[in-house]
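In terms of UniProt numbering, the sequence shown opens at residue 1 and continues consecutively.
The structure appears right after this line, and notes come after that.
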Amino acid sequence: MTLSQRVKVIPQITGDDLYKVRRHGTSLGVNLMLQTCTCQIWQLTGMPCIHAIAAIAHKVDKPENYVHQWLTMEALNATYDHYIRPVNSQEYWEITKHSKPEPPKLKRPIGRPKKHRRKDAISEDMPGSGTRKVKRRYEVICLKCGEAGHYEKTCKGPPKPGYVKKKKQEQPQPPAVRPPPIVRPPPHPSVRPSPPLFIARPSTVGTSSIRPPTLPFCPPRSSQPPQAGPSSPRFIHTPGFTQWRST
Numbered sequence: 001m002t003l004s005q006r007v008k009v010i011p012q013i014t015g016d017d018l019y020k021v022r023r024h025g026t027s028l029g030v031n032l033m034l035q036t037c038t039c040q041i042w043q044l045t046g047m048p049c050i051h052a053i054a055a056i057a058h059k060v061d062k063p064e065n066y067v068h069q070w071l072t073m074e075a076l077n078a079t080y081d082h083y084i085r086p087v088n089s090q091e092y093w094e095i096t097k098h099s100k101p102e103p104p105k106l107k108r109p110i111g112r113p114k115k116h117r118r119k120d121a122i123s124e125d126m127p128g129s130g131t132r133k134v135k136r137r138y139e140v141i142c143l144k145c146g147e148a149g150h151y152e153k154t155c156k157g158p159p160k161p162g163y164v165k166k167k168k169q170e171q172p173q174p175p176a177v178r179p180p181p182i183v184r185p186p187p188h189p190s191v192r193p194s195p196p197l198f199i200a201r202p203s204t205v206g207t208s209s210i211r212p213p214t215l216p217f218c219p220p221r222s223s224q225p226p227q228a229g230p231s232s233p234r235f236i237h238t239p240g241f242t243q244w245r246s247t
């Protein structure tokens, strides 16, 4: 049993190194001279595909003879034929009189630094993301010198003819409005009621050893009424009141 029969591939010669290969009801063309096949696998990998192997077996030849030169053992040995010389450590380096190389000076770019990561081209066109957002780009032109790439505020070049620096217009501030004063009602006058006048009367209940309360002595009335001043107190006689004297 041949190789073409085992893989169920039927080659048919149509010319010099030209074959028509049928497999599963599909026909493809193979050119052994140019080492090409209609399935494009031979051209991409450099190794004969299943259709080319069937044509090579029909020609009674080996597939190794149709492999690309880069995949042969001769090319692999030629790649590692050269050797890398060893490099000494830094303390054995030769010191020269030339200046030492220095890293470039860091210059802060114009504008605010970026915070977001740089997106890949694949992540921008993900399926199901809807419409693609197109980033608008515009070129910044300086109003002072007319060159592109910077603003008027950061410009260090000479001004162009006819350039007039714009003055910042001060916006009028609204007048300060004071809040109306808070009117509080006057406090109500506190009226304290006068204490009630209590009059002591003699008690008829009890023994004679209990002394009645001592009352102030009132002089007898005179024929002439006393002249009371505006600030002198006046005595008002109470009818039915019996005056007691201390013994």
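Every residue gets a Cβ at the ideal spot worked out from N, C-alpha and C, and that includes glycine.
Buried/exposed call for residue i, threshold 16 Cβ in 10 Å
| i | result |
| --- | --- |
| Tyr19 | buried |
| Trp70 | exposed |
| residue 248 | In the structure displayed, the chain extends from 1 to 247; residue 248 sits before or after that span and is not available. |
| His58 | buried |
| Ala176 | exposed |
| Pro113 | exposed |
| Ile116 | Here residue 116 turns out to be His, not Ile, going by the sequence shown. Per the 10 Å Cβ criterion, exposed. |
| Trp93 | exposed |
| Ile13 | exposed |
Contact set for residue i: own chain, Cβ-Cβ below 6 Å, skip 5 residues either direction
| i | result |
| --- | --- |
| Arg23 | Val9 |
| Ile53 | Pro63 |
| Ile41 | Cys49 |
| Pro186 | none |
| Ser89 | none |
Beta carbon of residue i nearer than 9 Å to that of residue j
| i | j | result |
| --- | --- | --- |
| Cys39 | Leu28 | yes |
| His82 | Gly46 | no |
| Glu147 | Gly162 | no |
| Ile95 | His150 | no |
Residue i beta carbon near the ligand NAD (any heavy atom closer than 8 Å)
| i | result |
| --- | --- |
| Gln90 | As presented, the structure is devoid of all ligands, the ligand NAD included, so that no description of it is given. |
7 Å CB neighbourhood of residue i in its chain, flanking five on each side removed
| i | result |
| --- | --- |
| Ala55 | Pro11, Tyr19, Val21, Val30, Leu32 |
| Pro159 | Lys144, Cys145 |
| Cys155 | Cys142, Lys144, Cys145 |
| Glu139 | Ala148 |
| Gln43 | Thr36 |
Residue(s) in a DSSP beta bridge with residue i
| i | result |
| --- | --- |
| Pro11 | Val21 |
| Asn77 | Per DSSP, none; premise fails for Asn77. |
| Ile141 | Ala148 |
| Gly46 | Answer by DSSP bridge pairing: none, since Gly46 is not bridged. |
| Glu37 | The amino acid occupying residue 37 in the given sequence is Cys; Glu does not appear at that position. For Cys37, which the question treats as bridged, DSSP gives the partners Val30. |
Neighbourhood of residue i by C-beta distance below 8 Å, restricted to the same chain and skipping five residues each side
| i | result |
| --- | --- |
| Pro104 | none |
| Pro172 | none |
| Pro86 | none |
| Tyr66 | Leu32, Gln35, Pro48, Ala52, Ile56 |
| Ala75 | Gln69 |
Residue i versus the options, residue with shortest Cα-Cα distance
| i | options | result |
| --- | --- | --- |
| Lys153 | Cys142, Pro161, Glu147, Ala52 | Cys142 |
| Asp17 | Gly25, Gln35, Thr26 | Gln35 |
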